[in-house]
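Q: Numbering (our numbering), first residue to last: 9 to 131.
Note that CB positions come from ideal geometry on N, CA and C, so glycine has one too.
Have a look at this one:
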C-alpha cells in the first residue's frame, strides 16, 4: 500500500483568529534605551485593551534609578518618554505617561518611576 502525504497541511499560514505576538520586548528595549542604561526594571505588566474602534494593550513599567548619575538619567527619562517616537512593529504608541514617581535620599539617592503606555494595533 502506498500513501502520499499532503504537504499543504504542514504549511504555516496567518490565522486571523490567533492572537498577535505581544510587542512587549520591542517596547521594553526602547524604554530601557530612554533610561540610558541607568535604570533597573522592577516590574512590567501587560493587559489587553480595546475600544469601539481599536485593539491593543496597556503596559505598566516600573523602573528604579539609584545614585546621582542614575537619577539624572531618570529625570531625562521623565522628560522624554511622553513625546518619544517609538518604533514597535505592528503597533502605535497612542499614549505614554508617567503615572508615579518616588524620590528618596536615604540610605542612598533613589528615584522610582512608574510609566503607563497604551499600544494600539496598526491596521
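So is residue 46 buried or exposed if we call it buried at 16+ other beta carbons inside 10 Å?
A: The residue is buried, with at least 16 neighbouring Cβ atoms inside 10 Å.
Q: For residue 49, which residues from the same chain have a beta carbon less than 8 Å from its beta carbon, with the 5 sequence-adjacent residues on both sides left out?
A: The residues are 36, 40, 69, 70 and 71.
Q: In three-state terms, what does DSSP make of residue 82?
A: Residue 82 falls in the helix class under three-state DSSP.
Q: How many Å lie between residue 26 and residue 111 at the Cα?
A: Confidence is the limiting factor: at residue 26 the pLDDT is only 46, short of 50, which leaves the residue's position unreliable and the question unanswerable from this model.
Q: Does the contact criterion of 3 or more C-beta pairs under 8 Å hold for the region 85-93 versus the region 53-66?
A: With a cut-off of 8 Å, the region 53-66 and the region 85-93 do not count as touching, because too few Cβ pairs lie within range.
Q: Check the DSSP bridge columns for residue 68 and list the partner residues they point to.
A: According to DSSP, residue 68 bridges with 53 and 124.
Q: Taking the C-alpha atoms as reference points, what is the distance between residue 95 and residue 119?
A: Taking the straight line from one Cα to the other gives about 27 Å.
Q: Cα-Cα, which of 64, 73 and 54 is closest to residue 113?
A: Of 64, 73 and 54, the residue nearest in Cα terms is 73.
Q: Just to confirm my understanding: we take residue 51, look at its own chain, exclude 5 residues before and 5 after, and list those with CB closer than 6 Å. What are they?
A: Contacts found: 70.
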